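Numbering (this note's numbering), first residue to last: 1021 to 1293.
Built from N, CA and C at the ideal position, the CB exists for glycine as well.
Quick caveat: nothing in here was measured; it's all calculated off a predicted structure.
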Amino acid sequence: MSATEFSAGSGPEAGARAVSPVVAVVLVAAGSGQRLGYGMPKARVPLGGEPILMHALRGIVAAGVAQQVCIALPAGDSALRRMCDDFKAELVDGGPLLTVVDGGATRADSVRSALEALEDATQAVLVHDAARALTPESVFHRVVDSLAAGALAVIPVIPVVDTVKTVEATTDEDARIAPEVVVGTAPREKLRAVQTPQGFDLATLLKAHREVAGFDEAQAAAITDDAMLVERLGVPVHAVRGASQSLKITTPLDLIIAEGLLEGPLGARWVEG
Ligand code: C5P
């Protein structure tokens, strides 16, 4: 599909523009951060002296790809809301429109809340985890370039270094040997670890999320990214190179690595993964 076709029907000036769709970033930051063990939402956890959310926001603005940034925050978190308001005031003219919404019980709920708050002119959306606070600008650019070239869905990926196996719980009689048993080994050269920002044609992502309405609780709980919903529609999901600095800060070890990246001689955003 050409970039012109990408534009068709997805915005007020559809067809007039050949490349560079009107892009919004949905920044999901409503997670509890339980696995980090800080006793506060992850977005507020300090990294190099600043909350994780601020690193994520600065990275998005520095990439310069978004006309709007819509942030999903933990419902009722006034400290994070204030932080976003202060950041809005800091932005010089020409920065993106900053919008804040209450996140939901699951990541997918948070994404949907933010999608509903996007400006009418939006044609493409990048869904980004605040937990990937050190994502280099180059990754945003690769994702947007792919959308501009005609992709309806594109994700940043990195090769998997570990051999990955699928397992099942052992039967009662084998439980004393080990809790799980291996049922398969995926060919490693075909495996990729998936990161964010994940980029989509807005209409395609909205359609994919509408399907979730018919999901039962177990299916809804199994949604770990947006691309998997688009795959269900039969839409090709393209993959571009991610970066190791885009690690998802999830555990205390991740936080130590992120601190190390920030203190590195070149600074986290300038070291290609
Ligand atoms: O928990 P998980 O690792 O999937 O979180 C990935 C991202 O989704 C994080 O940035 C987190 O803040 C966000 N999230 C959210 N709303 C939830 C759960 C997670 O915005 N209910």
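Assign residue i to one of two classes, buried (16 or more other C-beta atoms within 10 Å of its C-beta) or exposed (fewer than that).
i     : result
S1130 : buried
S1133 : buried
T1271 : exposed
P1216 : Correcting the residue identity first, residue 1216 is Thr in this sequence and not Pro. The residue in question, T1216, is buried, as its Cβ has 16 or more Cβ neighbours within 10 Å.
I1072 : buried
S1022 : For S1022, the pLDDT reaches just 34, beneath the cut-off of 50, and the residue's location in the model is therefore unreliable, although a value from the coordinates is still provided. Exposed, since its Cβ has fewer than 16 Cβ neighbours within 10 Å.
A1028 : Because the pLDDT of A1028 is 31, which lies under 50, any placement of that residue in the model is unreliable, and the question is left without a value.
V1043 : buried
D1149 : buried
S1098 : exposed
D1140 : exposed
D1106 : exposed
T1205 : exposed
V1187 : exposed
V1045 : buried
Just the Cα atoms here: how many angstroms apart are residue i and residue j?
i     : j     : result
D1274 : L1067 : 11 angstroms
E1193 : V1184 : 26 angstroms
K1268 : E1251 : 22 angstroms
E1237 : R1208 : 31 angstroms
R1064 : I1197 : 42 angstroms
R1261 : T1191 : 40 angstroms
E1070 : E1279 : 11 angstroms
K1108 : V1255 : 36 angstroms
I1277 : I1091 : 25 angstroms
V1201 : T1126 : 30 angstroms
Y1058 : S1052 : 10 angstroms
P1094 : D1122 : 6 angstroms
L1281 : A1151 : 15 angstroms
P1041 : A1189 : 47 angstroms
H1137 : V1257 : Note on identity: in this sequence residue 1137 is Ala, with His being the wrong assignment. Distance between the alpha carbons of A1137 and V1257 is about 24 angstroms.
L1249 : I1243 : 8 angstroms
G1124 : G1096 : 11 angstroms
L1135 : P1199 : 41 angstroms
M1074 : L1253 : 34 angstroms
K1062 : M1103 : 14 angstroms
Q1054 : A1128 : 18 angstroms
Below 8 angstroms on the Cβ atoms is my guess for residue i versus residue j; work out the distance and round it to an integer in Å.
i     : j     : result
A1153 : G1079 : 7 angstroms
A1173 : F1235 : About 19 angstroms; that fails the 8 angstroms criterion.
A1083 : E1157 : 4 angstroms
S1266 : V1163 : Actually they are not in contact, since the Cβ atoms of S1266 and V1163 sit about 11 angstroms apart, beyond 8 angstroms.
V1232 : A1240 : 6 angstroms
T1155 : A1263 : 7 angstroms
Does ligand 3 have even one heavy atom less than 7 angstroms from the beta-carbon of residue i?
i     : result
S1130 : Ligand 3 is not part of this structure, which contains only ligand 1.
Is residue i close to chain B, meaning its C-beta is less than 8 angstroms from at least one C-beta of that chain?
i     : result
P1179 : Of the protein chains in the structure, only one exists, and it is not chain B.
Next item on the list: Answer yes if the stretch 1116-1130 comes into contact with the stretch 1073-1087, meaning at least three C-beta pairs across the two stretches below 8 angstroms, and no otherwise.
Entry: Counting C-beta pairs with one atom in each stretch, the stretch 1073-1087 and the stretch 1116-1130 have three or more that are closer than 8 angstroms, which means they touch.
Next item on the list: Answer yes if the stretch 1212-1229 comes into contact with the stretch 1161-1178, meaning at least three C-beta pairs across the two stretches below 8 angstroms, and no otherwise.
Entry: With the cut-off at 8 angstroms, the stretch 1161-1178 and the stretch 1212-1229 touch.
Notebook entry, point to check: Are there three or more Cβ pairs, one per stretch, closer than 8 angstroms when the stretch 1227-1234 is compared with the stretch 1137-1147?
Noted result: No, the stretch 1227-1234 is not in contact with the stretch 1137-1147.
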